[in-house]
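Each number in this note's numbering corresponds to the 1-based position in the sequence shown with 189 added.
Glycine included, C-beta positions come from ideal geometry on N, C-alpha and C.
Given the structure is predicted, the values throughout are model-derived calculations rather than measurements.
Some notes on the structure that comes next.
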Amino acid sequence: MREDEPQEIQTLLSAWGVDHAALSAVVRQALECSSVDIVDVQGGPIYGGTSSIGQGVAGVYRLTGVARDFQRDLTWSLIFKIIGVTDAKRDPSGPWYWKRELLAYQSKQLEQLPGPLRAARCFGTVEISDTLTGLWFEDIVDDIGSHWPLERYALTAHHLGQFNAAYINSSALASWSWLGHGWLRRLVEQEGHRSVTLLREYQNHSLVAQIYTKESIEQIVRLWHEHGPWLDALDRLPQTLCHNDAFRRNLFARRGADGQPETVAIDWAFVGTGAVGQDLGPLVAGTLEFQEVDIAHAAQLDAIVFDGYLNGLRAAGWHDDPRKVRFAYAAAAPFIYELGCAALLVDFLTQQDGSVEQLEHGEGTADELIHLLGQSLGFRLRLADEARTLLNSVS
190 MREDEPQEIQ TLLSAWGVDH AALSAVVRQA LECSSVDIVD VQGGPIYGGT
240 SSIGQGVAGV YRLTGVARDF QRDLTWSLIF KIIGVTDAKR DPSGPWYWKR
290 ELLAYQSKQL EQLPGPLRAA RCFGTVEISD TLTGLWFEDI VDDIGSHWPL
340 ERYALTAHHL GQFNAAYINS SALASWSWLG HGWLRRLVEQ EGHRSVTLLR
390 EYQNHSLVAQ IYTKESIEQI VRLWHEHGPW LDALDRLPQT LCHNDAFRRN
440 LFARRGADGQ PETVAIDWAF VGTGAVGQDL GPLVAGTLEF QEVDIAHAAQ
490 LDAIVFDGYL NGLRAAGWHD DPRKVRFAYA AAAPFIYELG CAALLVDFLT
540 QQDGSVEQLE HGEGTADELI HLLGQSLGFR LRLADEARTL LNSVS
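Following this line, the structure appears as C-alpha coordinates:
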(Lines of atoms letter the chains of each structure in order from A and count residues from 1; the text may use other names and numbers.)
(Lines give C-alpha, C1' and ligand atoms only; values in the text may rest on other atoms or scores of the structure.)
Protein backbone atom coordinates (compact mmCIF):
# COMPACT_ATOMS: atom_id res chain seq x y z
CA MET A 1 0.00 0.00 0.00
CA ARG A 2 1.29 3.40 -0.92
CA GLU A 3 1.87 5.84 1.95
CA ASP A 4 1.35 9.51 1.08
CA GLU A 5 2.96 12.52 2.69
CA PRO A 6 2.70 12.57 6.54
CA GLN A 7 -0.01 14.73 8.04
CA GLU A 8 -0.73 16.28 11.38
CA ILE A 9 -2.56 13.27 12.73
CA GLN A 10 -3.91 15.14 15.74
CA THR A 11 -5.69 17.53 13.39
CA LEU A 12 -7.24 14.60 11.56
CA LEU A 13 -8.28 12.88 14.78
CA SER A 14 -9.95 16.07 15.92
CA ALA A 15 -11.75 16.38 12.57
CA TRP A 16 -12.98 12.82 12.95
CA GLY A 17 -14.21 13.45 16.49
CA VAL A 18 -11.79 10.89 17.93
CA ASP A 19 -10.25 11.88 21.26
CA HIS A 20 -7.50 10.15 23.23
CA ALA A 21 -9.94 8.01 25.23
CA ALA A 22 -11.78 6.79 22.12
CA LEU A 23 -8.59 5.89 20.28
CA SER A 24 -7.21 4.14 23.37
CA ALA A 25 -10.35 2.00 23.56
CA VAL A 26 -9.86 0.84 19.97
CA VAL A 27 -6.16 0.14 20.51
CA ARG A 28 -6.99 -1.95 23.57
CA GLN A 29 -9.29 -4.08 21.42
CA ALA A 30 -6.64 -4.51 18.76
CA LEU A 31 -3.97 -5.47 21.30
CA GLU A 32 -6.43 -7.51 23.38
CA CYS A 33 -5.08 -5.76 26.46
CA SER A 34 -7.40 -3.69 28.65
CA SER A 35 -4.72 -1.82 30.60
CA VAL A 36 -2.68 -0.14 27.85
CA ASP A 37 -2.60 3.61 27.25
CA ILE A 38 -1.44 5.34 24.07
CA VAL A 39 1.84 7.26 24.33
CA ASP A 40 2.45 7.89 20.63
CA VAL A 41 0.39 8.05 17.44
CA GLN A 42 1.34 8.66 13.82
CA GLY A 43 -0.47 8.16 10.55
CA GLY A 44 -1.54 9.27 7.14
CA PRO A 45 -3.57 8.25 4.11
CA ILE A 46 -2.87 5.09 2.14
CA TYR A 47 -4.08 4.40 -1.40
CA GLY A 48 -7.50 5.86 -2.03
CA GLY A 49 -7.09 8.28 0.86
CA THR A 50 -7.68 12.01 0.90
CA SER A 51 -6.26 14.65 3.17
CA SER A 52 -9.38 16.80 3.10
CA ILE A 53 -12.17 15.56 5.30
CA GLY A 54 -14.29 18.54 4.40
CA GLN A 55 -14.64 17.38 0.81
CA GLY A 56 -16.76 14.45 1.93
CA VAL A 57 -14.58 12.01 -0.03
CA ALA A 58 -14.03 8.52 1.29
CA GLY A 59 -10.50 7.76 2.41
CA VAL A 60 -8.42 5.04 4.04
CA TYR A 61 -5.80 5.83 6.69
CA ARG A 62 -3.22 3.82 8.58
CA LEU A 63 -2.54 4.85 12.20
CA THR A 64 0.41 3.44 14.10
CA GLY A 65 1.97 4.10 17.44
CA VAL A 66 3.10 2.90 20.84
CA ALA A 67 0.96 1.96 23.82
CA ARG A 68 2.25 1.36 27.34
CA ASP A 69 1.15 -1.46 29.59
CA PHE A 70 2.72 -0.66 32.97
CA GLN A 71 6.46 -0.71 32.11
CA ARG A 72 6.06 -2.50 28.76
CA ASP A 73 5.75 -0.70 25.41
CA LEU A 74 3.66 -2.30 22.66
CA THR A 75 3.45 -1.21 19.04
CA TRP A 76 0.05 -1.04 17.39
CA SER A 77 -1.39 -0.40 13.93
CA LEU A 78 -4.95 0.24 12.77
CA ILE A 79 -6.80 1.05 9.57
CA PHE A 80 -9.40 3.83 9.65
CA LYS A 81 -11.77 3.76 6.68
CA ILE A 82 -14.03 6.73 6.03
CA ILE A 83 -17.14 6.20 3.91
CA GLY A 84 -19.03 9.15 2.53
CA VAL A 85 -22.43 9.55 0.94
CA THR A 86 -23.20 10.88 -2.53
CA ASP A 87 -26.52 11.00 -4.35
CA ALA A 88 -25.66 7.75 -6.14
CA LYS A 89 -25.03 6.03 -2.79
CA ARG A 90 -28.17 7.03 -0.87
CA ASP A 91 -30.51 4.26 -2.08
CA PRO A 92 -30.34 1.30 0.37
CA SER A 93 -31.34 -1.07 -2.43
CA GLY A 94 -28.80 0.34 -4.90
CA PRO A 95 -25.44 -1.25 -5.75
CA TRP A 96 -23.38 1.61 -4.27
CA TYR A 97 -25.28 2.06 -0.97
CA TRP A 98 -22.85 3.88 1.31
CA LYS A 99 -23.74 2.27 4.63
CA ARG A 100 -23.88 -1.37 3.52
CA GLU A 101 -20.48 -2.31 4.91
CA LEU A 102 -21.17 -0.49 8.16
CA LEU A 103 -24.51 -2.28 8.61
CA ALA A 104 -23.00 -5.62 7.66
CA TYR A 105 -20.44 -5.32 10.45
CA GLN A 106 -23.01 -4.02 12.92
CA SER A 107 -25.17 -7.08 12.20
CA LYS A 108 -22.29 -9.32 13.42
CA GLN A 109 -22.87 -11.64 10.45
CA LEU A 110 -19.36 -11.02 9.12
CA GLU A 111 -17.95 -12.30 12.40
CA GLN A 112 -19.64 -15.65 11.80
CA LEU A 113 -18.48 -16.58 8.31
CA PRO A 114 -17.98 -20.35 7.95
CA GLY A 115 -14.79 -21.89 6.68
CA PRO A 116 -11.41 -20.36 5.91
CA LEU A 117 -12.69 -17.13 4.28
CA ARG A 118 -12.76 -14.45 6.98
CA ALA A 119 -13.79 -10.82 7.15
CA ALA A 120 -11.29 -8.36 8.57
CA ARG A 121 -12.07 -7.57 12.18
CA CYS A 122 -13.84 -4.29 12.82
CA PHE A 123 -13.18 -2.66 16.21
CA GLY A 124 -15.86 -0.01 16.09
CA THR A 125 -17.36 2.90 14.20
CA VAL A 126 -17.39 6.69 14.41
CA GLU A 127 -20.19 8.94 13.21
CA ILE A 128 -18.13 11.84 11.86
CA SER A 129 -21.07 13.75 10.39
CA ASP A 130 -24.40 13.13 8.70
CA THR A 131 -22.54 12.23 5.51
CA LEU A 132 -19.34 10.62 6.82
CA THR A 133 -18.82 7.51 8.91
CA GLY A 134 -15.55 5.92 10.00
CA LEU A 135 -14.76 2.26 10.68
CA TRP A 136 -11.78 0.96 12.65
CA PHE A 137 -10.20 -2.20 11.19
CA GLU A 138 -7.33 -4.48 12.00
CA ASP A 139 -4.22 -3.79 9.94
CA ILE A 140 -3.63 -7.11 8.17
CA VAL A 141 -0.15 -8.21 7.17
CA ASP A 142 -0.15 -10.60 4.23
CA ASP A 143 1.89 -13.75 4.93
CA ILE A 144 3.12 -13.90 1.34
CA GLY A 145 3.52 -10.26 0.42
CA SER A 146 2.29 -8.20 -2.47
CA HIS A 147 2.88 -10.78 -5.23
CA TRP A 148 1.06 -14.08 -4.83
CA PRO A 149 2.04 -17.17 -6.80
CA LEU A 150 -0.77 -18.57 -8.92
CA GLU A 151 -1.17 -21.46 -6.49
CA ARG A 152 -2.31 -19.03 -3.78
CA TYR A 153 -5.06 -17.79 -6.08
CA ALA A 154 -6.21 -21.40 -6.45
CA LEU A 155 -6.34 -21.77 -2.66
CA THR A 156 -8.19 -18.47 -2.33
CA ALA A 157 -10.72 -19.64 -4.92
CA HIS A 158 -11.13 -22.84 -2.91
CA HIS A 159 -11.86 -20.75 0.20
CA LEU A 160 -14.29 -18.59 -1.80
CA GLY A 161 -16.07 -21.72 -3.06
CA GLN A 162 -16.49 -23.01 0.48
CA PHE A 163 -17.83 -19.61 1.55
CA ASN A 164 -20.35 -19.42 -1.31
CA ALA A 165 -21.45 -23.03 -0.86
CA ALA A 166 -22.33 -22.42 2.79
CA TYR A 167 -25.02 -19.90 1.82
CA ILE A 168 -26.50 -21.48 -1.31
CA ASN A 169 -30.28 -21.01 -1.22
CA SER A 170 -30.08 -19.93 2.43
CA SER A 171 -33.40 -18.60 3.71
CA ALA A 172 -31.52 -16.47 6.27
CA LEU A 173 -30.30 -14.05 3.60
CA ALA A 174 -33.80 -12.71 2.98
CA SER A 175 -33.94 -11.29 6.51
CA TRP A 176 -30.74 -9.26 6.14
CA SER A 177 -32.26 -5.91 5.18
CA TRP A 178 -28.86 -4.27 4.66
CA LEU A 179 -27.81 -6.85 2.07
CA GLY A 180 -27.52 -5.91 -1.60
CA HIS A 181 -30.24 -8.27 -2.82
CA GLY A 182 -29.74 -8.96 -6.52
CA TRP A 183 -26.63 -6.76 -6.47
CA LEU A 184 -25.42 -7.56 -10.00
CA ARG A 185 -28.81 -6.94 -11.59
CA ARG A 186 -29.10 -3.58 -9.86
CA LEU A 187 -25.59 -2.62 -10.94
CA VAL A 188 -26.19 -3.48 -14.60
CA GLU A 189 -29.64 -1.91 -14.78
CA GLN A 190 -28.47 1.28 -13.05
CA GLU A 191 -25.15 1.78 -14.85
CA GLY A 192 -25.34 -0.14 -18.13
CA HIS A 193 -27.11 2.47 -20.25
CA ARG A 194 -24.80 5.23 -19.01
CA SER A 195 -21.73 3.13 -19.78
CA VAL A 196 -22.86 2.42 -23.33
CA THR A 197 -23.87 6.05 -23.91
CA LEU A 198 -20.52 7.42 -22.71
CA LEU A 199 -18.51 4.87 -24.68
CA ARG A 200 -20.28 5.90 -27.87
CA GLU A 201 -20.04 9.59 -27.08
CA TYR A 202 -16.30 9.51 -26.37
CA GLN A 203 -15.19 6.73 -28.71
CA ASN A 204 -12.89 9.16 -30.53
CA HIS A 205 -11.36 10.62 -27.36
CA SER A 206 -7.59 10.14 -27.40
CA LEU A 207 -7.43 8.01 -24.22
CA VAL A 208 -10.76 6.20 -24.54
CA ALA A 209 -9.99 5.12 -28.11
CA GLN A 210 -6.71 3.53 -27.01
CA ILE A 211 -8.60 1.16 -24.71
CA TYR A 212 -11.98 0.79 -26.41
CA THR A 213 -11.85 0.16 -30.13
CA LYS A 214 -15.01 0.68 -32.18
CA GLU A 215 -15.31 -3.10 -32.41
CA SER A 216 -15.08 -3.60 -28.64
CA ILE A 217 -17.62 -0.82 -28.05
CA GLU A 218 -20.07 -2.56 -30.36
CA GLN A 219 -19.46 -5.79 -28.43
CA ILE A 220 -20.34 -3.97 -25.22
CA VAL A 221 -23.44 -2.50 -26.87
CA ARG A 222 -24.45 -6.03 -27.86
CA LEU A 223 -23.90 -7.15 -24.28
CA TRP A 224 -26.21 -4.37 -23.10
CA HIS A 225 -28.93 -5.45 -25.54
CA GLU A 226 -28.63 -9.03 -24.24
CA HIS A 227 -28.46 -8.23 -20.55
CA GLY A 228 -32.10 -9.02 -19.74
CA PRO A 229 -32.07 -12.75 -20.66
CA TRP A 230 -28.62 -13.15 -19.17
CA LEU A 231 -29.70 -11.65 -15.84
CA ASP A 232 -32.82 -13.82 -15.86
CA ALA A 233 -30.62 -16.89 -16.38
CA LEU A 234 -28.37 -15.82 -13.51
CA ASP A 235 -31.42 -15.38 -11.27
CA ARG A 236 -32.49 -18.97 -12.01
CA LEU A 237 -29.15 -20.36 -10.85
CA PRO A 238 -28.56 -21.32 -7.20
CA GLN A 239 -28.31 -18.08 -5.22
CA THR A 240 -25.82 -17.40 -2.46
CA LEU A 241 -24.01 -14.72 -0.49
CA CYS A 242 -21.37 -12.93 -2.60
CA HIS A 243 -18.61 -10.51 -1.67
CA ASN A 244 -18.81 -9.05 -5.21
CA ASP A 245 -15.41 -7.32 -5.01
CA ALA A 246 -13.10 -10.18 -4.03
CA PHE A 247 -10.07 -9.35 -6.16
CA ARG A 248 -6.44 -9.42 -5.03
CA ARG A 249 -6.28 -5.97 -3.42
CA ASN A 250 -9.17 -6.86 -1.13
CA LEU A 251 -7.73 -10.23 -0.11
CA PHE A 252 -4.96 -11.22 2.29
CA ALA A 253 -3.24 -14.54 2.92
CA ARG A 254 -2.52 -15.48 6.51
CA ARG A 255 -2.72 -18.39 8.94
CA GLY A 256 -5.49 -18.72 11.46
CA ALA A 257 -5.22 -19.47 15.15
CA ASP A 258 -5.12 -23.19 14.26
CA GLY A 259 -2.15 -22.68 11.95
CA GLN A 260 -4.15 -23.42 8.83
CA PRO A 261 -4.16 -21.00 5.86
CA GLU A 262 -7.09 -18.65 5.57
CA THR A 263 -8.07 -15.78 3.30
CA VAL A 264 -9.10 -12.48 4.88
CA ALA A 265 -11.38 -10.24 2.83
CA ILE A 266 -11.74 -6.50 3.28
CA ASP A 267 -14.14 -3.98 1.68
CA TRP A 268 -17.57 -5.57 2.04
CA ALA A 269 -19.37 -2.56 0.57
CA PHE A 270 -20.84 -4.60 -2.31
CA VAL A 271 -21.85 -7.68 -0.32
CA GLY A 272 -25.10 -9.09 -1.67
CA THR A 273 -26.94 -12.04 -3.10
CA GLY A 274 -25.92 -13.51 -6.44
CA ALA A 275 -25.45 -16.67 -8.45
CA VAL A 276 -22.96 -19.29 -7.38
CA GLY A 277 -19.82 -18.54 -9.41
CA GLN A 278 -20.47 -14.80 -9.60
CA ASP A 279 -17.65 -14.03 -7.16
CA LEU A 280 -15.14 -15.45 -9.64
CA GLY A 281 -15.71 -12.46 -11.92
CA PRO A 282 -13.86 -9.99 -9.66
CA LEU A 283 -11.35 -12.60 -8.48
CA VAL A 284 -10.05 -13.17 -12.02
CA ALA A 285 -11.03 -10.06 -13.99
CA GLY A 286 -10.41 -7.53 -11.22
CA THR A 287 -7.05 -9.06 -10.37
CA LEU A 288 -5.98 -8.80 -14.02
CA GLU A 289 -7.44 -5.30 -14.43
CA PHE A 290 -5.28 -4.01 -11.56
CA GLN A 291 -2.20 -5.87 -12.81
CA GLU A 292 -1.82 -8.04 -9.74
CA VAL A 293 -1.20 -10.91 -12.19
CA ASP A 294 0.46 -10.34 -15.55
CA ILE A 295 -2.11 -10.38 -18.35
CA ALA A 296 0.14 -12.92 -20.13
CA HIS A 297 -0.92 -15.42 -17.46
CA ALA A 298 -4.65 -14.74 -17.79
CA ALA A 299 -5.47 -18.20 -19.15
CA GLN A 300 -3.51 -19.89 -16.37
CA LEU A 301 -5.18 -17.74 -13.72
CA ASP A 302 -8.60 -18.47 -15.21
CA ALA A 303 -8.05 -22.23 -15.20
CA ILE A 304 -6.45 -22.55 -11.77
CA VAL A 305 -9.01 -20.31 -10.09
CA PHE A 306 -11.99 -22.05 -11.68
CA ASP A 307 -10.72 -25.48 -10.66
CA GLY A 308 -9.96 -24.26 -7.15
CA TYR A 309 -13.43 -22.77 -6.80
CA LEU A 310 -15.15 -25.98 -7.97
CA ASN A 311 -13.06 -27.96 -5.50
CA GLY A 312 -14.15 -25.60 -2.74
CA LEU A 313 -17.81 -26.04 -3.65
CA ARG A 314 -17.42 -29.82 -3.68
CA ALA A 315 -15.54 -29.84 -0.38
CA ALA A 316 -18.55 -28.05 1.12
CA GLY A 317 -20.98 -30.58 -0.38
CA TRP A 318 -22.19 -28.87 -3.58
CA HIS A 319 -21.98 -31.07 -6.69
CA ASP A 320 -24.24 -29.42 -9.26
CA ASP A 321 -23.45 -28.83 -12.95
CA PRO A 322 -20.15 -26.87 -13.27
CA ARG A 323 -21.51 -25.18 -16.41
CA LYS A 324 -23.76 -23.13 -14.14
CA VAL A 325 -20.71 -21.86 -12.27
CA ARG A 326 -18.85 -21.16 -15.49
CA PHE A 327 -21.74 -19.17 -16.95
CA ALA A 328 -22.12 -17.06 -13.80
CA TYR A 329 -18.40 -16.30 -13.79
CA ALA A 330 -18.18 -15.60 -17.53
CA ALA A 331 -21.23 -13.31 -17.42
CA ALA A 332 -20.37 -11.50 -14.19
CA ALA A 333 -16.92 -10.34 -15.30
CA PRO A 334 -18.06 -8.25 -18.31
CA PHE A 335 -21.27 -7.22 -16.57
CA ILE A 336 -19.33 -5.71 -13.65
CA TYR A 337 -16.47 -4.11 -15.54
CA GLU A 338 -18.06 -3.19 -18.88
CA LEU A 339 -21.69 -2.41 -18.07
CA GLY A 340 -21.20 -1.59 -14.41
CA CYS A 341 -17.94 0.34 -14.30
CA ALA A 342 -17.05 1.51 -17.82
CA ALA A 343 -18.85 4.81 -17.24
CA LEU A 344 -16.62 5.49 -14.23
CA LEU A 345 -13.47 4.83 -16.26
CA VAL A 346 -14.66 6.95 -19.19
CA ASP A 347 -15.56 9.78 -16.81
CA PHE A 348 -12.04 9.61 -15.39
CA LEU A 349 -10.25 9.42 -18.73
CA THR A 350 -12.14 12.31 -20.27
CA GLN A 351 -11.44 14.59 -17.29
CA GLN A 352 -7.68 14.01 -17.03
CA ASP A 353 -6.45 16.28 -19.85
CA GLY A 354 -4.41 13.48 -21.33
CA SER A 355 -3.00 12.10 -18.04
CA VAL A 356 -3.66 8.72 -16.44
CA GLU A 357 -1.13 9.08 -13.62
CA GLN A 358 -3.83 9.02 -10.95
CA LEU A 359 -5.15 5.61 -11.98
CA GLU A 360 -4.29 3.05 -9.30
CA HIS A 361 -4.15 0.13 -11.71
CA GLY A 362 -0.52 -0.85 -11.14
CA GLU A 363 2.89 0.30 -12.20
CA GLY A 364 4.35 1.31 -15.56
CA THR A 365 4.13 4.18 -17.97
CA ALA A 366 0.85 5.68 -19.10
CA ASP A 367 1.17 4.00 -22.51
CA GLU A 368 1.84 0.63 -20.88
CA LEU A 369 -1.14 1.05 -18.58
CA ILE A 370 -3.48 1.96 -21.43
CA HIS A 371 -2.26 -1.06 -23.40
CA LEU A 372 -2.81 -3.42 -20.47
CA LEU A 373 -6.30 -2.04 -19.83
CA GLY A 374 -7.13 -2.81 -23.44
CA GLN A 375 -5.79 -6.35 -23.08
CA SER A 376 -7.82 -7.01 -19.93
CA LEU A 377 -10.89 -5.68 -21.74
CA GLY A 378 -10.25 -8.20 -24.52
CA PHE A 379 -10.05 -11.01 -21.97
CA ARG A 380 -13.43 -10.06 -20.47
CA LEU A 381 -15.09 -9.80 -23.88
CA ARG A 382 -13.88 -13.33 -24.64
CA LEU A 383 -15.55 -14.42 -21.41
CA ALA A 384 -18.74 -12.74 -22.66
CA ASP A 385 -18.52 -14.83 -25.84
CA GLU A 386 -18.16 -17.95 -23.69
CA ALA A 387 -21.17 -16.97 -21.56
CA ARG A 388 -23.18 -16.54 -24.75
CA THR A 389 -22.44 -20.13 -25.78
CA LEU A 390 -23.36 -21.40 -22.31
CA LEU A 391 -26.63 -19.50 -21.99
CA ASN A 392 -28.90 -22.15 -23.50
CA SER A 393 -27.36 -24.98 -21.50
CA VAL A 394 -27.99 -23.23 -18.18
CA SER A 395 -31.42 -21.87 -19.09
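- Nearest neighbour of L267 by Cα position, chosen from E316, S395, F326, turns out to be F326.
- By the criterion of a C-beta distance shorter than 8 Å, I198 is surrounded in its chain by V230, Q231, G232, G233, L252, once the five residues flanking it on both sides are discounted.
- In this structure, the alpha-carbon of G248 lies about 22 Å from that of S213.
- Taking each of L368, A355, A454, H209 in turn and checking the Cα distance to C311, the smallest one comes out for A454.
- Here R503 is near G350, since their CB atoms are less than 9 Å apart.
- Considering only F568, E316, Q301, the residue with the shortest C-alpha distance to Y401 is F568.
- Within the segment 448 to 522, the complete alpha helix (DSSP H) segments at least 4 residues long are 487 to 504, listed from N- to C-terminus.
- Apart from the 5 residues on each side of it in sequence, S318 has no Cβ closer than 6 Å to any other Cβ in its chain.
- Contact check for W372 against P281 fails: the beta carbons are separated by 9 Å or more.
- If you draw a straight line from the Cα of A487 to the Cα of Q564, it comes to about 10 Å.
- Each of A517, R261, T264, L396 was checked against the Cα of L534, and the nearest Cα belongs to L396.
- If you draw a straight line from the Cα of Y250 to the Cα of V228, it comes to about 19 Å.
- The shortest CA-to-CA distance from R437 to any of A532, S335, E221 is the one to S335.
- Listed as beta-bridge partners of T402 by DSSP are no residues whatsoever.
- The C-beta of K513 has 16 or more other C-beta atoms within 10 Å across all chains shown, which makes the residue buried.
- Residue environment analysis places Q449 among the exposed positions, since fewer than 16 neighbouring C-beta atoms fall within 10 angstroms of its C-beta.
- For the pair of segments examined, the segment 418 to 437 was found to touch the segment 463 to 471: the number of CB pairs separated by less than 8 Å reaches three.
- Collapsing the DSSP output to three states places K270 in a strand.
- Per DSSP, reduced to three states, the secondary structure at R375 is helical.
- Counting along the chain, no beta strand (DSSP E) covers A210; the unbroken alpha helix (DSSP H) around it starts and ends at 209 to 220.
- Leaving aside the five residues that flank I406 on each side, the residues in its chain whose CB is nearer than 7 Å to its CB run, in chain order, L388, R389, Q392.
- For F312, no alpha helix (DSSP H) encloses it; the enclosing beta strand (DSSP E) starts and ends at 311 to 316.
- The three-state secondary structure of W413, taken from DSSP, is helix.
- L292 has its alpha-carbon roughly 19 Å from the corresponding atom of S360.
- By the C-beta density criterion, K403 is exposed, having fewer than 16 other C-beta atoms within 10 angstroms.
- Of the residues G497, A446, I329, L440, the one whose Cα lies closest to the Cα of F269 is I329.
- DSSP places L306 in the strand class (E or B) of the three-state scheme.
- When secondary structure is reduced to three states using DSSP, G233 falls in the strand class.
- Looking only at H382, V385, D456, the smallest Cα-Cα distance to I271 is reached by D456.
- Your pair A520 and A474 does not check out as a contact, with CB atoms roughly 11 Å apart and the cut at 8 Å.
- For D258, the uninterrupted beta strand (DSSP E) run begins and ends at 248 to 258, by DSSP.
- Sequence-distant partners of L362 (beyond 5 residues in either direction) whose C-beta falls short of 7 Å from its own C-beta, in its chain, are Y356, L368, L430, T462.
- With contacts defined by Cβ atoms closer than 9 Å, L477 and L490 form a contacting pair.
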